[in-house]
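Trainee: Just so you know, we're using the numbering used here here: the sequence shown kicks off at 256 and counts up by one.
By construction, the Cβ of each residue, glycine as well, lies at the ideal position given by its N, Cα and C atoms.
If you scroll down you'll find the structure; I have some questions about it.
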Amino acid sequence: MQDLSDLVVFQDWQLTQGQRIGWLSRGYQEPYFAAQETRVHRFHEVLNDYLAGNPPGRD
Numbered sequence: 256m257q258d259l260s261d262l263v264v265f266q267d268w269q270l271t272q273g274q275r276i277g278w279l280s281r282g283y284q285e286p287y288f289a290a291q292e293t294r295v296h297r298f299h300e301v302l303n304d305y306l307a308g309n310p311p312g313r314d
């Protein structure tokens, strides 16, 4: 069986280059999250607020 680990890493590296260029473009605004990812995104927002000393509900 052929070891494909080098090929997979190279393909991933090629993809990340294109993503980085897209993220740095002026047209990029924010990511679109699938319905499954919105809860995780919200969790990270709340966690970041707590870590910054600004938990939800405290104004």
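I'd like to check one pair, His-296 with Phe-288: are the Cβ atoms closer than 8 Å?
Mentor: Contact: yes.
Trainee: In terms of residues, what are the limits of the alpha helix (DSSP H) holding Asp-261?
Mentor: Where Asp-261 is concerned, the enclosing alpha helix (DSSP H) stretches over 260-278.
Trainee: Identify every run of the alpha helix (DSSP H) within the region 285-314, keeping only runs that are complete inside it and at least 4 residues long; order them along the chain.
Mentor: Runs found: 290-306.
Trainee: When you compare only the Cα positions, how much space is there between Val-263 and Leu-270?
Mentor: Their backbone Cα atoms lie some 11 Å apart in a straight line.
Trainee: At the level of alpha carbons, what is the spacing between Asp-267 and Leu-302?
Mentor: If I take the Cα positions, the gap works out to 29 Å.
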